[in-house]
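Peer 1: Taking the numbering used here, the leading residue of the sequence shown gets 1, the next gets one more, and so forth.
Backbone N, C-alpha and C define an ideal beta-carbon position, used for all residues, glycine too.
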Amino acid sequence: MNVSKTLTKFVRYIVLVIFFCLYILPFILVVLNSLKERTEIISNPLSMPKSFNLANYFSAMEKMNFAHSFMNSLIITVFSVALITIFSAMTAYVFVRVQNKLNKFLFFLMVASMIIPFQAIMIPLVQIYGSIGFLNSKWALIYMYIGFGASLAVFIYHGLIKSIPLELEEAAMIDGASRLQIFFQVVFPLLKPTTMTIVILNVLWIWNDFLLPSLVLIKPEERTLPLSTFYFFGTYSVDYGLLMAGLVVTIIPVIIVYLFTQRHIIQGVMNGSIK
């Protein structure tokens with residue numbers, strides 16, 4: 001019996017290792033090829049680099065205007081995530097605490113909107129906002145991210161807020177707290193696990209997003225990191241070494257964020273879904 005359990009655990013371990021290797025292999029290949037010259041990548045993309053040369057990184061950061069693109073991505077991500085988090089929490093709080101038919105209908109409408117794929121509305125979206133001169137701006141993109149990201153955040157917050165005892169708010173109200181003070185000083189701190197989950201998921205989405213910025217941000221000075229990396233593709237040729245280096249410097253910040261905050265994701269999702 002013990003031998004059978006040990007063998008089962010060993011097989012599971014081997015299967016997990018295999019899946020992990022398959023999952024991490026593309027990233028390893030990107031890192032290895034970012035250290036090679038273009039001819040070396042074309043001749044054998046699966047080989048180890050002959051020398052660990054960082055020239056591609058310096059050249060890529062210069063050509064993609066890394067500092068400026070990084071600041072664009074940072075501004076868009078920080079403001080979008082902060083506004084999605086605050087507005088969604090406040091909206092979910094109103095939906096839970098103010099029970100009427102209108103709020104129920106609006107909540108249902110927000111949840112139902114999550115099934116509409118972005119690709120189905122992206123052309124009308126660009127045409128409408130382009131006709132009123134609302135494109136080519138980081139703030140227009142932030143506004144759109146709020147619209148696309150709020151529904152899921154409201155849905156997750158809604159489940160957790162329902163589990164918060166109403167007596168806590170009544171006690172704060174007796175002490176003279178306003179509705180706004182009750183939300184920010186009593187309710188919102190209790191939403192921390194869910195807030196961390198929403199922040200992480202939206203950072204991963206917005207930082208890595210390519211499609212929406214490519215439709216909204218036309219001017220070179222407004223480009224985010226994914227857009228700047230895309231322009232390593234020329235009309236007739238691609239410098240794969242620079243491209244791989246650009247990809248690495250683009251994804252490193254979000255990997256660092258995820259590694260330090262990953263433990264909050266499952267906890268926050270569970271708190272918001274089962275309560």
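#1: Give me the Cβ distance between S80 and N208, rounded to the nearest whole Å; I'm assuming they're in contact under 8 angstroms.
#2: So, at 8 angstroms on beta carbons, what are the nonlocal neighbours of N136 in its own chain, with the 5 sequence-adjacent residues on each side left out?
#3: Starting from V203 and walking both ways along the alpha helix (DSSP H), at which residues does that stretch end?
#4: Taking just the CA atoms, how far does L29 sit from Y23?
#5: In this structure, how does DSSP classify G133 when only helix, strand and coil are distinguished?
#6: Nearest-angstrom Cα distance between I115 and L106?
#7: Can you give the beta carbon distance from L204 to Y258, rounded, assuming they're within the 8 angstroms contact cut?
#8: Give me, in chain order, the residues of the same chain whose beta-carbon lies closer than 7 angstroms to that of N53; leave out the 5 immediate sequence neighbours on both sides.
#9: Could you tell me whether the Cβ atoms of K138 and I76 are closer together than 9 angstroms?
#10: With a CB to CB cut of under 7 angstroms and the five nearest residues on each side skipped, what residues in its chain are close to L190?
#11: From S47 to I128, what does the alpha carbon distance come to, in whole angstroms?
#12: Tell me which same chain residues have a C-beta within less than 8 angstroms of the C-beta of M122, skipping the five on either side of it?
#13: Starting from Y143, trace the alpha helix (DSSP H) both ways and give me its first and last residue.
#14: So, using beta-carbon positions, are N72 and P49 closer together than 9 angstroms?
#15: Would you kindly report the start and end of the unbroken alpha helix (DSSP H) that includes M71?
#16: Buried or exposed, going by whether 16 or more other CB atoms sit within 10 Å of the CB of F232?
#17: Between A172 and the rest of its own chain, which residues show a CB-CB distance below 8 angstroms, the 5 nearest in sequence each way excluded?
#18: Does the distance from the C-beta atom of G246 to that of M64 stay below 9 angstroms?
Peer 2: Let me lay it out:
#1: That pair is no contact at about 13 angstroms.
#2: V216, L217, I218, K219 and E222
#3: K192 to N208
#4: 11 angstroms
#5: coil
#6: 15 angstroms
#7: 7 angstroms
#8: L35
#9: yes
#10: I164
#11: 49 angstroms
#12: L211, L212 and L215
#13: K138 to I161
#14: no
#15: F66 to R97
#16: buried
#17: Q181, I182, Q185 and V186
#18: yes
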